[in-house]
Amino acid sequence: MPVPQSSPAPIVTPEIAAAVTPTDRLDIPWWAQRHNAIVDAVRAHTDAQLLLIGDSITQNYDKADPPDEDFLPIWKQFYEPRRALNLGFSGDTTANVLWRITHGEIDGLRPRVAIILIGTNNTGHAHQTADQTEAGIDNIIAILSQRLPQTRLLLVGILPSDVSAEKTAADQAVNAYLAKTYGKNTGRNAHLGVNQDPRVTFLDISSVFMTSPGVLNTAIFYDPQLPAHGKPLHPNTVGQRKMAEAIEPVLAKLMEDKSRVVVPPTGTQR
């Protein structure tokens, strides 16, 4: 079967340039060091089968700080057995991801699946609009489709937060756009859309962070427990596990392997 032709990257206009122009952060020592380390890891692990591409929520899988930031066990359960690479960088926007994936972080790889979770910093600290964020994500999908033609792309919607009403509105608008553009009927957490490329799957898992429709479960975010008492943005250990479990059914299907969710026993055998 011939590989579907990827859509060309959207045209760059002045209005969306900040979100779609590949931009590095090499002036930040830890960022430069992490980029170089990932490029080395990519060269050493050309057999990687799963990529996780994103910002701090993805980078957090490197942490093992109980009780609120104990994410490494989740990584070891869901992703490490699948020969995964963590391409998450705290603070990154779509522009930073575009720079990284065009500067060595996916070169020579043929992964089965890439998970993309990005955009919350566009609508957050970068103060970009929904339109800008959407264009940035579109460009990432286009570049990944071109450079990883055999890879299935699992695009996860921006996670809900309680930073501001303006950010929440922008994030919801972005997710609605992504559902319409990339969604297809892959389960109860996915949305029917107009995506014609079978390699791209959109998944909105916002509901797992809610106590009821429109009400965020702030207890599963760690920011309020930090010394600065930030507003809920980053899932804590419980929230991150809920996220991994929500992604898992679709990921297992795309990976064509068994589910990594551990089902507790219902009773004791006698």
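Residue numbers 1 to 270, in our numbering, belong to the letters of the sequence shown in order.
No residue lacks a Cβ here, since even glycine has one placed at the ideal position from N, Cα and C.
First through last residue of the alpha helix (DSSP H) which encompasses residue i
i, result
"residue 41", "29-44"
"residue 56", "56-59"
"residue 178", "165-182"
Backbone CA spacing between residue i and residue j [nearest angstrom]
i, j, result
"residue 19", "residue 219", "31 angstroms"
"residue 148", "residue 50", "12 angstroms"
"residue 131", "residue 209", "24 angstroms"
"residue 62", "residue 26", "21 angstroms"
"residue 73", "residue 134", "32 angstroms"
"residue 198", "residue 252", "16 angstroms"
"residue 102", "residue 28", "19 angstroms"
"residue 87", "residue 117", "10 angstroms"
"residue 189", "residue 140", "Unreliable positioning characterises residue 189 in this predicted model, as indicated by a pLDDT of 39, which lies under 50. The coordinate reading is nonetheless provided below. Taking the straight line from one Cα to the other gives about 22 angstroms."
"residue 128", "residue 171", "11 angstroms"
"residue 145", "residue 151", "8 angstroms"
"residue 143", "residue 33", "24 angstroms"
"residue 256", "residue 110", "15 angstroms"
Reference residue i, options the options, closest by Cα
i, options, result
"residue 90", "124, 80 and 183", "124"
"residue 136", "178, 169, 164 and 163", "178"
"residue 240", "12, 140 and 222", "222"
"residue 161", "206, 154 and 150", "206"
"residue 167", "138, 75, 79 and 231", "231"
"residue 157", "142, 164 and 174", "174"
"residue 43", "104, 64, 21 and 77", "104"
"residue 229", "163, 112 and 45", "163"
Whole-angstrom C-beta distance between residue j and residue i, which should lie under 8 angstroms
i, j, result
"residue 95", "residue 153", "That pair is no contact at about 19 angstroms."
"residue 48", "residue 84", "7 angstroms"
"residue 60", "residue 234", "7 angstroms"
Contact with chain D by residue i, beta-carbon distance below 7 angstroms
i, result
"residue 117", "In the structure shown, chain D does not exist; there is a single protein chain."
Span of the beta strand (DSSP E) around residue i
i, result
"residue 202", "200-203"
"residue 144", "Where residue 144 is concerned, there is no enclosing beta strand (DSSP E), although the alpha helix (DSSP H) it sits in stretches over 130-147."
"residue 114", "113-117"
Could you check whether the region 46-60 touches the region 93-109, counting it as contact only if at least three pairs of C-beta atoms, one from each stretch, sit closer than 8 angstroms? yes
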